[in-house]
Amino acid sequence: MSYMKGLRCRECGREYPKEALYVCEYCFGSLEVTYDYDRIKEKLTREAIASRPKNLWRYRELLPIDGNPTDGFNSGYTPLVRAHNLGKVLGVKELYIKDDSVCHPTLSFKDRVVSIALSRAKELGFKIVGCASTGNLANSVASQSAIAGLKSYIFIPADLEAGKVIGTQIFHPNLIAVEGNYDEVNRLCSEIAAKYKWAFVNVNIRPYYAEGSKTYGFEIAEQLGWKTPDHLISPCAGGSLITKIYKSFKEFHKLGLIDKPKTKFYAAQATGCAPIVNMIKEKSEIMKPVKPKTIAKSLAIGNPADGYYAKATVEETCGSAESVTDEEIVEAIKLLARTEGIFTETAGGVTVGTTKKLIEQGVIPKNESVVICVTGNGLKTQEAVQHHLEKPHKIKPNIKAFEECCEIK
Ligand SMILES: *Cc1c(COP(=O)(O)O)cnc(C)c1O
Ligand SMILES: [Zn+2]
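Counting from 1, position 115 in the sequence shown corresponds to residue 115 in full-length UniProt numbering; the numbering is continuous, with no gaps.
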């Protein structure tokens, strides 16, 4: 039943058993799941995938569990929207939005990674789960552990948006607001995970958790008709998502499901927290950690765990990187809403704004296919746009007042 072989160090290649391990004891490199691709190839055809239910488990052989999935049966398979209107404004012929702002159940791509993490945590015998979160992960762990009947401890920076906090509290987890930024929250969670042996989804079972992001990429390729786009713009926080989308395309190619991918990957961050983008633009080998200062709080990781892998993804694919200011993020959120009817959160503002910049700079050409990753929902970050919108007309309840205010004769 299992196609997962074990864990392997991404740096020195040492092999480990498929347990709750995440760091190589020889070189401190991070660990990654390995699979038996020969066996997967016999099983996972285009027809097999297409015949399965429309959720993220349709790629089950490429996901890190031993038995049957137990969580996330309604997660994934979000729309790939052909964005004609936005394409016209930006001047590109073939533009798509991969829209995880409507992922079930908590409206961000984090529902993918958490579906996988909880299924695996249960297989490994954990009864208590936790996470260090910039917001969306908190929402998803709280919701999905409620569904699974698991006790949860969720750690967030104390200054998160109200929508992200309430969107966690509502599921009744143990919610801990830490007076510090994400990097401090994460350090605390590493200590707690070591002491209490709970499954911190993005700490001690991170190798399994991170594989869930591949499903975002699998879906893009399947929804494009078993093709990959020429250009893909991904937001970066820890740098895992962009790395895993790239991996998903390579795996599909290895299995003969698609042609050799030629996709160029572009890393997008907010100027107020752009350690990955800065490193790529400066052609530096060293990532300088930053103190985040941006409205894009879901991306506000000053010392990204997968920063070097994100850089490698961009460089191997001949892509590039760009950042946008808070003002540009707000403008981009409004532009996407006005043209495509999609209300994204600040992270989506980052990718749309970055795409606009890269097209204006001539980095992304106008006659090739482009996918923009929209990974979260705008109803959770309302304070970002609240004071940048036209006020509603306020009138007395009669038709004359209506006609006067809207200047209708
Ligand atoms: C977590 C998150 C990301 C970035 O994910 P990484 O894998 O950490 O780079 C992007 N968008 C949203 C909305 C997120 O919540
Ligand atoms: Zn190692």
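Positions of the beta carbon are idealized from the N, C-alpha and C atoms, including for glycine.
| Query | Result |
| --- | --- |
| Find the nearest neighbour of GLY349 within the set GLU322, VAL363, GLU368 and GLY362, judged by alpha-carbon distance. | GLU322 |
| Less than 8 Å separating the beta-carbons of PRO105 and ASN74? | yes |
| Once DSSP output is grouped into helix, strand and coil, what is the label at CYS405? | helix |
| Taking the alpha carbon of TYR153 as the reference point, which residue from ASP183, CYS189 and ASN181 has its own alpha carbon closest? | CYS189 |
| Comparing alpha-carbon positions, which option in GLY302, ARG10 and LYS18 lies nearest LEU237? | For the sequence presented, residue 237 should be read as Ala rather than Leu. That would be GLY302, whose Cα lies nearest to the Cα of ALA237. |
| Please report the straight-line C-alpha distance between THR228 and LYS391, rounded to a whole angstrom. | 42 Å |
| In angstroms with no decimal places, state the Cα-to-Cα distance between residue 411 and TYR196. | Because the chain here runs from 1 to 409, residue 411 falls outside it and cannot be looked at. |
| Looking only at its own chain, which residues have a Cβ that is under 8 Å from the Cβ of VAL385, when we skip the five neighbours before and after it? | VAL330, ILE333, LYS334 and GLY378 |
| Using only the heavy atoms of ligand 2, determine whether one of them is closer than 7 Å to the beta carbon of GLU11. | yes |
| Less than 8 Å between the C-beta atoms of LEU44 and PRO207, yes or no? | no |
| Regarding residue 411 and ligand 2, is the C-beta to nearest heavy atom distance less than 7 Å? | Past the boundaries of the shown model lies residue 411; the chain is included only from 1 to 409, so the question cannot be answered. |
| Using the Cα positions of GLU345 and GLY217, report the straight-line distance between them to the nearest angstrom. | 20 Å |
| Ends of the beta strand (DSSP E) at PRO235? | 231 to 235 |
| Under a Cβ-count criterion, where at least 16 other Cβ atoms within 10 Å of its own Cβ denotes burial, should VAL102 be classed as buried or exposed? | exposed |
| Taking 7 Å as the cut-off, is the C-beta of GLY29 nearer than that to any heavy atom in ligand 2? | yes |
| What would DSSP say about MET4, mapped onto helix, strand or coil? | strand |
| Whole angstroms is fine: what's the gap from CYS318's alpha carbon to LYS264's? | 6 Å |
| Taking C-alpha atoms, which residue in ALA210, ALA300, LYS254 and ALA305 lies nearest to ILE40? | LYS254 |
| Relative to the C-alpha of LEU86, which residue among GLY67, VAL370 and CYS24 is closest? | VAL370 |
| Under the three-state reduction of DSSP, which class applies to LYS391: helix, strand or coil? | coil |
| Tell me the residue span of the beta strand (DSSP E) that contains VAL370. | 369 to 374 |
| Run the CB neighbour count on residue 473, radius 10 Å, all protein chains shown included, and call it buried at 16 or more, exposed below. | With the chain represented from 1 up to 409, any question about residue 473 goes unanswered, as that position is not in the structure. |
| Taking 8 Å as the threshold, find out whether the region 120 to 129 comes into contact with the region 279 to 287 through three or more Cβ pairs. | no |
| Please report how far the alpha carbon of VAL114 lies from the alpha carbon of PRO397, in whole angstroms. | 48 Å |
| May I ask which residues mark the beginning and end of the beta strand (DSSP E) holding LEU175? | 174 to 178 |
| Tell me the DSSP secondary structure of SER152 in three-state form. | strand |
| State the beta-bridge partners of LEU31 as determined by DSSP. | CYS9 |
| Among residues of its own chain, excluding the 5 on either side of TYR308, which ones have a beta-carbon nearer than 7 Å to its beta-carbon? | MET287 |
| Give the DSSP bridge partners of GLU94, in chain order. | SER369 |
| Check whether the Cβ of TYR26 lies closer than 7 Å to any heavy atom of ligand 2, and answer yes or no. | yes |
| In whole angstroms, what is the alpha-carbon distance linking LYS357 and ALA296? | 17 Å |
| What does a CB cutoff of less than 7 Å around SER298 pick up in its chain, not counting 5 residues either side in sequence? | THR134, GLY135, ASN136, ALA237, GLU345, THR346, ALA347 and GLY376 |
| Quick check: what's the CA-CA separation for SER240 versus LEU389? | 33 Å |
| Within 10 angstroms of its Cβ, does PHE109 collect 16 or more other Cβ (buried), or is it exposed? | buried |
| Under the DSSP definition of a beta bridge, which residues are partnered with ASN377? | THR344 |
| What first and last residue would you give for the beta strand (DSSP E) that runs through LYS264? | 264 to 270 |
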